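Report on the following structure.
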Amino acid sequence: MINLKKNIAVLLGTGVLLLGMGFVCDNNVYADEVPAQSSAVETKIATVTTTNLRVRKGPSTDTSILGLVNTGETFTLLGEYGEWYKISYYGQEAYIHGDYANISTGIAQKKSLGQKVVDYALQFVGNPYVYGGTSLTNGTDCSGFVMGVYKNFGISLPRTSGQQGNSGTYVNGLQNAKPGDLIWYSGHIAIYMGNGKIVHAANERLGITVSSVYFKSILGIRRIV
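Per this note's numbering, the sequence shown runs over residues 50 to 274.
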């Protein structure tokens, strides 16, 4: 009997099948191991169908506004809450009204860094303007706002609007501007959103807000990312 076992082992060579252990030596495949999925899994996405759609902290118009989104922007759908869609918005859970978004199956579009800058900046809309301030939540001026937003992405900008208006690279005309570019005015600086709009710390009356790019006469456009 012992010789028979030895002969079987010799015939199988290095490919000894150890049924009791639950694995084949040559392939190193364990009985309790589940193979990983080889293909990407599609998910449900929400596509915005209007401009300036408010993104809210909760499924109600009584909750705070986290930012604004526009037609064609896509977000991963996390769930539904009555008439509201729960989405992934800049790494956090947020809500948009279901009347202004279409649901489909696919993969949410990857955003450019410039668009991420805009999305981050929009979270602070409604916060106060404070001359000389640098707090995105408690109060900032125009250049402090731009500096604080870009700091979140590991980019250091100088403190004043004039210095920021000479940072980065020159952009030849508004037609070539992209989201995230800096729009430089006399004594003022803003972040371009695209579609002729800016987000900026405007003044004490308006605070951090969204305005037309023609808020003032444009002196220059600079690209930081």
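Every residue gets a Cβ at the ideal spot worked out from N, C-alpha and C, and that includes glycine. Quantities reported herein were computed from a predicted structural model and do not represent experimental measurements.
DSSP bridge partner residues for residue i (one or two, in chain order)
i, result
"residue 275", "Residue 275 lies beyond the range of the chain shown here (50 to 274); nothing can be said about it."
"residue 154", "93"
"residue 118", "102"
"residue 201", "Looking at the DSSP assignment, residue 201 forms no beta bridge with any residue, so it has no partner."
"residue 265", "Looking at the DSSP assignment, residue 265 forms no beta bridge with any residue, so it has no partner."
"residue 189", "178, 183"
"residue 246", "243, 261"
Range of the contiguous alpha helix (DSSP H) that encloses residue i
i, result
"residue 210", "210-213"
"residue 165", "162-171"
Candidates the options: closest to residue i by CA position
i, options, result
"residue 215", "155, 233, 249", "233"
"residue 158", "130, 217, 92, 181", "92"
"residue 238", "117, 262, 94", "262"
"residue 152", "242, 229, 97", "97"
"residue 141", "164, 122, 169", "169"
"residue 121", "187, 243, 217", "243"
"residue 175", "274, 255, 182", "255"
"residue 94", "150, 104, 105", "150"
"residue 226", "273, 184, 252, 186", "273"
"residue 138", "102, 220, 110, 203", "102"
Residue i classed as buried or exposed, judged by whether at least 16 other C-beta atoms fall within 10 angstroms
i, result
"residue 212", "exposed"
"residue 171", "buried"
"residue 230", "buried"
"residue 29", "Given that the chain is displayed from residue 50 to residue 274, the structure contains no residue 29 and the question cannot be resolved."
"residue 246", "buried"
"residue 200", "exposed"
"residue 116", "buried"
"residue 113", "exposed"
"residue 193", "buried"
Bounding residues of the beta strand (DSSP E) (the contiguous stretch that carries residue i)
i, result
"residue 243", "237-243"
"residue 130", "123-130"
"residue 225", "Per DSSP, residue 225 belongs to no beta strand (DSSP E) and is neither H nor E."
"residue 144", "141-146"
"residue 135", "133-138"
Rounded separation between residue i and residue j - CA only
i, j, result
"residue 241", "residue 155", "29 Å"
"residue 189", "residue 99", "30 Å"
"residue 270", "residue 131", "43 Å"
"residue 267", "residue 252", "17 Å"
"residue 161", "residue 179", "30 Å"
"residue 217", "residue 259", "23 Å"
"residue 105", "residue 123", "16 Å"
"residue 264", "residue 250", "12 Å"
"residue 191", "residue 202", "18 Å"
"residue 129", "residue 208", "43 Å"
"residue 222", "residue 164", "19 Å"
Test: residue i CB closer than 8 Å to a CB of chain D
i, result
"residue 163", "Looking for chain D here will not work: only one protein chain is present."
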